[in-house]
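Q: Residue numbers (my numbering), protein chains in the order written: chain A, 1 to 242; chain B, 243 to 394. Where a beta carbon is used, it is the ideal one built from N, C-alpha and C, also for glycine. Note that the coordinates shown come from a computational prediction; the quantities given were computed from them, not determined experimentally.
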Amino acid sequence: MSLWEYANPTRFMATTRRIVPVVAVLSALCLAVGLVWGFFFTPDDYRQGSTVKIIYIHVPSAMMAINAWAMMLVASLIWLVRRHHVSALAARAAAPVGAVMTLIALITGAIWGQPMWGTWWAWDPRLTSFLILFLFYLGYVALWSAIEDPDIAADLTSVLCIVGSVFAMLSRYAVNFWNQGLHQGASLSMDREEHVADVFYYPLLLAIAGFVLLFVTLVLVRTRTEIRARRLHALQMRARMA
Amino acid sequence: MKGLKKKRRIQIIVLAFVALAGSTALIGYAMRDGINFFRAPAQVMADPPSSGEVFRIGGLVAEGSLVRGQGEQITFSVTDGAATVPVTYTGVLPDLFAEGQGMVGTGRYVNGVFEASEILAKHDENYMPKEVIDALKAQGVYEAPNAEVPPS
């Protein structure tokens, strides 16, 4: 059995029908426990006071904003190479979710920045590329709606996704290229150097897991909707022909 | 894309990625000076800007240099280890502003003094509960986490 069998819409629908409730419940659990733990049962930071608590929203949403674009890039490439319609529809379904994640990260970042940095917004490389990523999300959603033919729309939005991935990469790694920015470096890194004390770290991990599962849930539900909408459209066309 | 064979589609995608990576690298290279959010004190000392130019300076607030004057007047020195520039500022400082910590200021360099019109505090990537720091300080074993020193 190959992975590509799930590119069959019928197969995809049958499998996701069983998966969606599971990930939805898991996501709600992780978010509820992680956020309540983070907001009410963690101590204040030694320099930021209670403002530190915004990381339980800001960090996961910013991560998902970039990961969502990466997922859309992979889905777009699968569409371009193998022409699986489910893949193109999954990319389309993920875009508004990613856009909202980006917006949440921008707003919470501004709320944190005002008391901590002393400004709502600065034209720092990382902040700027993140704002451009948000505009790319809006453009991507608009381009899907602007083109009538679904295959051409999928092709062109895939190209837009490839170009936009530059800014998704930049918003994650800009701090490494130009370390003269205002935004701090990555607190969570693979080398596991201790930047975040454990009391903040564990609820943060739960919140991140919750956001990832929330994203998976929303994308699956929205992809199922897209597939049904396309079926409906096909049936209407057939009825009109008859 | 529709009429093309799969192999040719892959070739086009690979080519597009190479072109995209190349153009990004070229733009990044061309803007390597302009994209810096701020200048380090050593850069300002080496090449002092004219008194009319508004720019940003960034570094650590030198230990023991922070003096609060009349009203909201504040003077301190910003350092990157290699050079130190005195700064004057009138206004309210952000919460995170402290000696030994990072800051970014906007303003002009006049007669060897940086006259700031805006001061931003830079936050490092360390998160520690207040109680832990207090306990460490009480035991006398607290070491301030290395606030990043901007490269000159």
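At the level of alpha carbons, what is the spacing between P150 of chain A and T157 of chain A?
A: 10 Å
Q: Can you check whether the CB of H58 of chain A is closer than 7 Å to the CB of A122 of chain A?
A: no
Q: Please work out which residues of its chain come closer than 6 Å, Cβ to Cβ, to P60 of chain A, disregarding the five sequence neighbours upstream and downstream, and give them in chain order.
A: Contacts found: A207, I208, F211.
Q: When burial is assigned at 16 or more other CB atoms within 10 Å of the CB, is L246 of chain B buried or exposed?
A: exposed
Q: G343 of chain B: which of A:N67, A:H84, A:R47 sits nearest, CA to CA?
A: Note that residue 343 of chain B is Gln in the sequence shown here, rather than Gly. Checked all of A:N67, A:H84, A:R47; the closest Cα to Q343 of chain B is A:R47.
Q: Would you call W120 of chain A buried or exposed, if buried means 16 or more other Cβ atoms sit within 10 Å of its Cβ?
A: exposed
Q: Assess, as a yes-or-no matter, whether the stretch 80-94 of chain A is touched by the stretch 121-137 of chain A under the definition of 3 or more beta carbon pairs within less than 8 Å.
A: no
Q: Classify Q184 of chain A as helix, strand or coil using the three-state DSSP reduction.
A: coil
Q: With a threshold of 7 Å between beta-carbons, can K249 of chain B be considered close to chain A, or not?
A: no
Q: My understanding is that P20 of chain A touches T217 of chain A, with C-beta atoms under 8 Å, so please give their C-beta distance in whole angstroms.
A: Inspection of the sequence shows that residue 20 of chain A is occupied by Val rather than by Pro. Contact holds; Cβ gap of about 6 Å.
Q: Output, in chain order, the set of chain A residues within a Cβ distance shorter than 7 Å of M370 of chain B.
A: D45, Y46, A197
Q: Measuring alpha carbon to alpha carbon, tell me which residue in A:L170, A:S76, A:M101 is nearest I152 of chain A.
A: A:S76
Q: Can you tell me which of A:T223, A:G118, A:A70 puts its alpha carbon nearest to the alpha carbon of I162 of chain A?
A: Considering only A:T223, A:G118, A:A70, the residue with the shortest C-alpha distance to I162 of chain A is A:A70.
Q: Please say whether P371 of chain B and V320 of chain B have beta carbons closer to each other than 7 Å?
A: no
Q: Taking 7 Å as the cut-off, decide whether the C-beta atoms of V346 of chain B and R298 of chain B are in contact.
A: yes
Q: Among B:I361, B:A340, B:G300, B:E360, which has the Cα closest to the Cα of T326 of chain B?
A: B:G300
Q: On the three-pair Cβ rule with 8 Å, is the stretch 139-150 of chain A touching the stretch 251-269 of chain B?
A: no
Q: Quick one: is V219 of chain A buried, meaning 16 or more other Cβ sit within 10 Å of its Cβ, or exposed?
A: buried
Q: Classify P328 of chain B as helix, strand or coil using the three-state DSSP reduction.
A: Residue state for P328 of chain B is assigned as strand, using DSSP reduced to three classes.
Q: Along chain A, which residues have their Cβ under 8 Å away from the Cβ of I316 of chain B?
A: Within chain A, no residue comes near I316 of chain B; the closest Cβ sits about 13 Å away, beyond 8 Å.
Q: What does I361 of chain B touch in chain A if you count any residue whose Cβ is under 7 Å from its own?
A: G118
Q: Leaving out five residues on either side along the sequence, give the residues of the same chain with a beta carbon under 7 Å from the beta carbon of A389 of chain B.
A: Only weak support exists for where A389 of chain B lies, its pLDDT of 42 falling under 50; the value from the coordinates is given anyway. Cβ neighbours of A389 of chain B beyond the five flanking positions: L302, G342, Q343, G344, D366.
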